[in-house]
Amino acid sequence: MKVKSTLHAMLLAGMLSGSFVPAFAADDTTSSSVYDFSGFSDTKLMQLFYNAYQNGRKYPTAEEFAAAGIQQSDIAFIRSHVRNKGILDRADRLIKDTYEKRDLWMNIPMDAGKDGAVGQPNKTFHSDVFSMWNYTNIFGAWNHGVFSAPSAWTDAAHKNGSAMYSGIKFFDTTGGRPDGAAGWMNFISDRNDDDTFKYLEPMINCLMYFGFDGINYNWEDSGYSDEDIVEFHKGLYASAKKHGFDDFHCGIYTSSSGLSAYEADALFGNSEGRTHDLMLNYSNGDFSYQLSSSAKQAIAAMGTTEGLYTGVWIVSLNRGWNRLNADEYAKQVSLCMWGEHAQSRFWSYNNGTDAYDAQTNYQYLLERFMSGGTRNPLTRPEIRNSGNDWEASNGQKPLQTFAGIATWIPERSSIFGNLPFETHFNLGNGDRYAYKGKKTAGSWYNMSNQDYVPTYRWLVVKPGTLTASTDIDARFSHDDQYIGGTSLLLTGKATSEGTDLVLYKTDLNVSAGDPFVKVAVKNGKEGSNASNLYVILKKADGSWVETPVGNIEGNNWNEKTISVSGLSQSDVIKAIGLRVKGADDNYKMYVGELQVNDAVKTNPALVKDLNVEVKEETKTSMSAKLFWNVDAKAEKRAEWDLVYNDEANIDHFEVLYKNGENGRVSELARTSSWGCYVGDILFDGADDEPYIGVRSVSTDLKTYSPVEWVKVTRGDQASLPVRVDNSYGISQMDPSCDGADIARQQRYVTDVTTTGADQNLDYHTDHPVLDGTQYDNQTDKVLKVKQGQEVTLFVKAFDTTNATYNGSKKTDGLRYCFAGGWIDLNGDHNFNPDKIAENPEEGEQLFFVGKIRAASPEIETEGITCKFKVPEDAKTGKSRLRIVFSDAWFAGAFLPTGLHNKGFSMDFGVEISGDNPERQGPADLHDQGVADEPANLEGNLTAIKTVKGGASTVEAANGELNFQNCEKAWIYDANGAFVKYLVSPSSFQTSSLAAGVYLVKMQQGHVFRSQKVVVK
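In structure tokens form, the structure reads like this:
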């Protein structure tokens, strides 16, 4: 639970007093808050681990975590169980001119914001799915404090052989900034009686317990060369080595853009050991001009340049790229991309007309940056120091002329060992969750569901060669999916010669007999037609084995299991790809599964201790935060009780749902974490009996554990709210965005009126919305129009010309935003992004106002006037008008649905009347109907966990909190601070509590509920 919300009266009082009251712990079971990482303070965690170490343990007990306000339900979303097993040797890299050991440090944020919940699983489809691990050695997690990066992101990184920092320690006193290092220096310099560092072992233990790969420093202050500080950080590396923590990193950058002999030991290391991985700070935003000398100094100090990076501020990519290979020494310095504090430049520069378009463009942007402007590393543009534009200009797509990081960094692959291999081409998000092509759940985001990413992205060549081809284009698509939220889309021209898409560099052993491939494909065509698709596998001798997919039957997804001839036990697969070959000038194919397997058989460990925390409960729906354990013992990290999934023979987990003990089972999610969030589980009615289950899937991808089921007792129907209609998708402010507090005071709409309609809008207010969401639901105010009617719409924002903030004059209103309005004209409950004036047959955008990274004061001073004509063929009936503002410095967040950046949005009801023939919405080309039940369920209900005595409740009366059906309870105050932990409470005297509103979180069996109480 993210302890951030507040009572209506508290909000209003905060608004009127000039400061927004941040979240009160109003996290009852109807709340949308999911996580509580308030206890994940670096120093408090280190103290916990120190106490455990003093008691002969490497980690705190569950009770010790609970007493500190850290709950297992949140630890499950920080702790990664995916092992980083490393990468294949890069000696046979694609671009021979690259330096084999040169690495890339992506020192950037994930998603948007700085909150502990940023990047965690949620139900916002349009979220950051960074996917270029195939060139990334380590990810900076720059917008998280140390020890708090999401396990979902760590899982994705580790799966692809990349390391994940636990977060950032930020010290910056440049320009008089107050963020100094003194407090941290004093803390880590503290010593035990035997003169050892008090917190050295606890820090390593903390990292090893949670599964992180190190800590990240922005140290633009003095002190890093202090003798104790250097000794401490060298000690971290020594301790890590002693414990087999082979991929430990301690990254740092200071104000220096070069490595000198004087600072080499403090910032890099010496013959006695490493101190840090060092990013040379950028020089006026550009790469260091001291690459060769710094490389020589690194070699003199430690005999290697590994761990030495040159930084660049990626606010612009017009940098000195031609200096990176100036000589053989410069060529050995790795690269570090920095930018920015709360969201990466990839995310903030990206844009799109709607969420689907923005997601597609985001992957294009990542691909052009990494693989070069053509997205094929074989046809990279030449190196240039200018014209590398983040945004489209002069007919060029964003980064279309950029040479690509592949010019300097060799590709990486972690796909080795024994078969099987599988991908569904999942990026980690979707506007729907599909099981075998059919929808089972709504919008979702979970990076732990991201599959292995393609190695080159995209290596499209003539068959069996390294000669680039442009006949086929490949990309990820959210338009259709087989399992999850995305698929691979192939388009272009199928020729008799063929075109190869080499997807994965591998070193996979066929360890058992009967090798086969499993492929799921869809082309949307009726009848029986040739797929013109082949799975290709490269053997160790360089030959390719080609397996035809064959014909596709009908316009739905087809899954095919095909024996592979030409491959046998003990063969080694060096690459996996697809070949398009035939005759089709308009080739289009979705690929939703690609599995290469054999007869190997392995049993996975069982799931146990499944717990369900109820969220967003309504009369007809609920969301669920799940966490569980597995019945396996840790091996490599036994002292830290960290079981890696592969030690338990587990590839991933499936989250299942059914209505009633004998109800039909559907799959809602997959994850490699030991926790999962599933949003908006819809019920058929008030009498539904929700059962939620989890099972493990073996590394053989064929064997499943029995399902561990939990029956979730419903809340009191009389007190539950009615589910809000979100069929048009949410539109509200990202609560983690920078400047959210001032936006809640100054960024709102005061007037919306219309003229010319049968029933006009006449909306006026003099204050912001009170719940902090920056969304104003005015659907009870209805605009009534006729087909063909002309209407004038007027929108005006609060004028901040003379505004103040915290007692001082400050202007930060909607004038600094983009503004747009949309109306649903075809009844599909979506907003077509095209302007009505430019595309009258399909467009639904009424207006757009704003300039990129510039103010538009007229939004506040004059207002926006828009004249539009309702199309003659507009669909009659109820509809929706949506108005959205989003910060003009972050174009990617300006969309009709999703989380806007520091903006404001509102909805009005619309009713369209008329007798003309009506336009139809776009056809839904997804597979229709009820999804299949998952295989191998076997009807085993013996593991059902049932809560005894009904749902947990608490009431405040006569100076006591009286509990029913409660085994454990946690009490939080109105600021979200942890107050008290109770075991088996029946009552609790409130005399020790100050008067006010509290949140009580209760556990009964394996179900968690939360409730607000008022102590008088």
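Numbered according to the numbering used here, the sequence shown spans residues 1 to 1016.
Glycine included, every Cβ here is placed at the ideal spot set by N, Cα and C.
Predicted, not measured: the structure shown is a model, and the values here were computed from it.
(request) Report the rounded CA-to-CA distance for GLU1038 versus GLN71, giving the unit in angstroms. (result) The displayed coordinates of the chain run from 1 to 1016. Any statement about residue 1038 would go beyond what the structure contains.
(request) Give the straight-line distance between the Cα atoms of GLU955 and ALA995, rounded to the nearest whole angstrom. (result) The alpha-carbon atoms of GLU955 and ALA995 are separated by roughly 15 Å.
(request) Ignoring anything shorter than 4 residues or poking outside the segment 771-824, list the alpha helix (DSSP H) runs there in chain order. (result) None, since the segment 771-824 contains no complete alpha helix (DSSP H) of that length.
(message) Quick test of the definition: if touching needs 3 or more C-beta pairs under 8 Å, does the segment 133-146 touch the segment 66-83?
(response) A contact is defined here as three or more CB-CB pairs under 8 Å, and the segment 133-146 fails this definition with respect to the segment 66-83.
(message) Taking the beta carbon of VAL655 as the centre, do at least 16 other beta carbons fall within 10 Å, making it buried, or is it exposed?
(response) Counting of Cβ neighbours within 10 angstroms places VAL655 among the buried residues, the total reaching 16 or more.
(request) With a threshold of 16 other CB atoms inside 10 Å of the CB of LEU682, please say whether the residue is buried or exposed. (result) LEU682 is classed as exposed because its beta carbon has fewer than 16 other beta carbons within 10 Å across all chains shown.
(request) Tell me, to the nearest whole angstrom, how far the beta carbon of LYS796 is from that of GLY739; I am working on the premise that it is less than 8 Å. (result) Contact check for LYS796 and GLY739: beta-carbon distance about 22 Å, past the 8 Å limit, so the pair fails to qualify.
(request) Select from LEU508, VAL849, ASP97 the residue whose C-alpha is nearest the C-alpha of ILE415. (result) Distances from the CA of ILE415 to each of LEU508, VAL849, ASP97 were compared; the closest alpha carbon is that of LEU508.
(message) Helix, strand or coil for TRP153? Go by DSSP, reduced to three states.
(response) Shown here, TRP153 sits in a helix according to DSSP, grouped into three states.
(message) Does CYS866 come out as helix, strand or coil in the three-state DSSP assignment?
(response) CYS866: strand per DSSP, three-state reduction.
(message) Taking 7 Å as the cut-off, is the beta-carbon of LEU537 closer than that to any non-hydrogen atom of the ligand HEM?
(response) Only the bare structure without any ligand can be found here, which leaves the ligand HEM out of the picture.
(request) Could you tell me whether the segment 108-119 touches the segment 727-746, using the rule of 3 or more Cβ pairs below 8 Å? (result) The segment 727-746 and the segment 108-119 touch, with three or more beta-carbon pairs separated by less than 8 Å.
(request) Identify every run of the beta strand (DSSP E) within the segment 439-485, keeping only runs that are complete inside it and at least 3 residues long; order them along the chain. (result) The segment 439-485 is shown to contain whole beta strand (DSSP E) runs of 3 or more residues at 459-461, 472-477, in chain order.
(message) Output needed for CYS676: all residues of its chain with C-beta closer than 6 Å, excluding positions within five of it in sequence on either side, in chain order.
(response) Within the same chain, CYS676 has close Cβ partners LEU626, VAL655, ALA669.
(request) Can you tell me which of ALA406, PRO410, TYR452, MET447 puts its alpha carbon nearest to the alpha carbon of HIS424? (result) Looking at the Cα atoms, TYR452 is the closest of the given residues.
(message) Looking only at its chain, what residues have a beta carbon closer than 8 Å to the beta carbon of ASN523, apart from the 5 residues adjacent to it on each side?
(response) Answer for ASN523: ASN529, SER531, ILE552, ASN555, LYS588, MET589, TYR590, listed in chain order.
(message) Measuring only the C-alpha atoms, how far is TYR435 from ASN192?
(response) Cα-Cα distance, rounded: 56 Å.
(request) If I'm right that TRP338 touches ASN385 with Cβ under 8 Å, what's the distance once you round it to whole angstroms? (result) Not a contact, Cβ separation roughly 18 Å.
(message) Tell me which residues share the same chain as ASP824 and place their Cβ nearer than 6 Å to its Cβ, disregarding the 5 neighbours each side in the sequence.
(response) Cβ neighbours of ASP824 beyond the five flanking positions: SER879, ARG880.
(request) Classify LYS948 as helix, strand or coil using the three-state DSSP reduction. (result) Model confidence at LYS948 stands at a pLDDT of 46, short of 50, so the residue's coordinates are unreliable and nothing is read from them.
(request) Would you mind sorting LEU925 into buried or exposed? The rule is 16 or more other CB atoms within 10 Å of its CB. (result) So LEU925 ends up on the exposed side.
(request) Starting from PHE425, follow the alpha helix (DSSP H) in both directions and report where the run begins and ends. (result) DSSP places PHE425 outside any alpha helix (DSSP H), giving it a letter other than H or E.
(request) Let me know if HIS158 comes out buried or exposed under the rule of 16 or more other beta-carbons within 10 Å of its beta-carbon. (result) The residue in question, HIS158, is buried, as its Cβ has 16 or more Cβ neighbours within 10 Å.
(message) Taking 8 Å as the limit between beta carbons, can you name the residues of its chain near ASP327, skipping five residues before and five after?
(response) Contacts found: SER292.
(message) Counting C-beta neighbours from all protein chains within 10 Å, is the total for TYR262 16 or more, i.e. buried, or is it exposed?
(response) Exposed.
(message) Among TYR972, LYS96, ARG695, whose alpha-carbon lies nearest the alpha-carbon of ILE409?
(response) Ranking the options by Cα distance to ILE409, first place goes to LYS96.
(request) Report all residues from its chain with a CB closer than 6 Å to the CB of LYS902; omit the five preceding and five following residues, and keep chain order. (result) These residues qualify, in order along the chain: CYS737, GLY739, ALA743, ASP887.
(request) Along the beta strand (DSSP E) that carries ASP103, what are the first and last residues, could you check? (result) Annotation for ASP103: no beta strand (DSSP E) segment contains it, and DSSP assigns it neither H nor E.
(message) If distances are taken between C-alpha atoms only, which option among GLY959, LEU999, PRO985 comes closest to ASN975?
(response) Residue LEU999 is the option with its Cα nearest to ASN975.
(request) Please classify LEU11: does DSSP put it in a helix, a strand, or coil? (result) Summary for LEU11: the model assigns pLDDT 36, below 50, so the residue's position carries little reliability; its value from the coordinates is reported in the next sentence. Residue state, collapsed to three classes: helix.
(request) Check GLN989 in the structure and name its three-state DSSP category. (result) Three-state result, GLN989: strand.
(request) Just the C-alpha distance for PHE1049 and ASP609, rounded to the nearest angstrom, thanks. (result) With the chain represented from 1 up to 1016, any question about residue 1049 goes unanswered, as that position is not in the structure.
(message) Going by DSSP in three states, ALA117 sits in which element: helix, strand or coil?
(response) Coil, per DSSP.
(message) Comparing C-alpha positions only, which one of ASN597, LEU259, GLU790 sits nearest to GLY513?
(response) Answer by Cα proximity: ASN597.
(message) Relative to the C-alpha of VAL634, which candidate in PHE37, ARG102, LYS505, MET208 has its C-alpha closest?
(response) The sequence shown places Ala at residue 634, rather than the Val named in the question. Scanning PHE37, ARG102, LYS505, MET208 for the CA closest to the CA of ALA634 turns up MET208.
(request) In angstroms with no decimal places, state the Cα-to-Cα distance between ALA855 and VAL752. (result) The straight-line gap from Cα to Cα measures roughly 21 Å.
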